[in-house]
Amino acid sequence: MMALLVMIGAYLLGALSGSLILAPLFGRGDPRLSGSGNAGATNALRTGGKVYGASVLLFDVLKGVLAAALLPALAPAGPAWLAFACGGLAVVGHVWPVWFGFRGGKGAATLIGVIAVLLPAALAVAVLVWVATLVLTGFVGLATILGMLTVLLYTLIMPSTAAMLVFAGLMCLLVVYTHRENIARMRAGRENRFERVMLLRRGRRSS
């Protein structure tokens, strides 16, 4: 019973959207009504500036850390996979937050916090892939997808438990799903780029 309550708590924690909670403190409106319409750190940066964007990123990463590290400790007799379940549910809560009409972000920042706790070595490799993809293409969405694919490949190659494999597989599918519009825009040649970080600028409008 305690493990179930902890998992519910992980979802509710994840459903605390940083961009929506912090928006009034920065004099911003609902971020879902501007920019990409996404309640996440990238859109917060795009619509509200660096400080707002960084604050949202920190908020969302920390709730992932808490969900994966702190909440499972409340049920010490729980199953071995409890931390992975809590981490995954926190990401689900971020994407579909009960507090905000089930319209949230794409889950990347919260997922970073979760993976930092549960699969830190995989995260280190994924960050390298993410940075390389971003500076070469300028596509944040593509960098995020490839970063998560890297985590999945890491769990497949390195010795891993069933919980690790299931977690990485499901989170990879979720990241692809939440970035489906980015994929469609990239295929159509309409996806914006962060040209400021690109090594080879292509003369397109930065996002």
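All residue numbers for the sequence shown refer to my numbering, where the first residue is 384 and numbers rise by one.
Even glycine gets a Cβ: it sits at the ideal position worked out from N, Cα and C.
Proximity to residue i [Cα-Cα], best of the options
i	options	result
alanine 526	Cys555, Val500, Leu453, Leu501	Cys555
alanine 468	Ser402, Val500, Gly524	Val500
methionine 581	Phe550, Thr538, Ala515	Ala515
alanine 437	Met385, Glu578, Leu405	Leu405
alanine 509	Pro407, Gly496, Met531	Met531
glycine 471	Ala571, Leu457, Leu396, Phe577	Leu396
tyrosine 394	Ala473, Val497, Arg568, Ala492	Ala473
phenylalanine 550	Arg573, Ala571, Ala505	Ala505
isoleucine 528	Leu548, Gly552, Asn421	Gly552
Residue i, DSSP secondary structure in three states
i	result
asparagine 575	coil
histidine 477	helix
lysine 446	helix
asparagine 421	coil
tryptophan 464	coil
lysine 489	coil
proline 414	helix
leucine 511	helix
serine 589	Low confidence applies here, because serine 589 scores a pLDDT of 38, under 50, leaving its location unreliable; read the following figure in that light. Three-state DSSP puts serine 589 in a strand.
serine 438	helix
arginine 570	helix
proline 459	coil
leucine 494	helix
methionine 385	helix
leucine 428	helix
The ligand HEM heavy atom lying under 8 Å from the CB of residue i
i	result
proline 542	In the structure on display, the ligand HEM does not appear, and there are no ligands present to speak of.
Contact belief for residue i with residue j at Cβ below 8 Å, rounded distance in angstroms
i	j	result
valine 389	leucine 494	Going by Cβ atoms, the distance from valine 389 to leucine 494 rounds to 19 Å, so no, they are not a contact pair.
leucine 399	proline 414	15 Å between Cβ atoms; not a contact.
serine 444	alanine 492	Note on residue identity: the sequence assigns valine, not serine, to residue 444. Valine 444 to alanine 492, Cβ: 5 Å. Contact.
threonine 533	valine 512	5 Å
Any C-beta of chain C under 9 Å from that of residue i
i	result
valine 444	As a matter of chain content, chain C is missing from the structure shown, which is built from one protein chain.
- Would you say the stretch 562-577 touches the stretch 540-548, given that touching needs at least three Cβ pairs under 8 Å? no
- Message: Check whether the stretch 429-449 and the stretch 515-522 are in contact - that is, three or more C-beta pairs closer than 8 Å.
- Response: no
- Message: Can you confirm whether the stretch 483-490 touches the stretch 414-431 when touching is taken to mean that 3 or more C-beta pairs between the two stretches lie within less than 8 Å?
- Response: yes
- Could you tell me which uninterrupted alpha helix (DSSP H) segments, each at least 4 residues in length, are contained entirely in the stretch 513-546, listed from first to last along the chain? 523-540
- Query: Does the stretch 427-441 touch the stretch 469-486, meaning 3 or more C-beta pairs lie closer than 8 Å?
  - Reply: no
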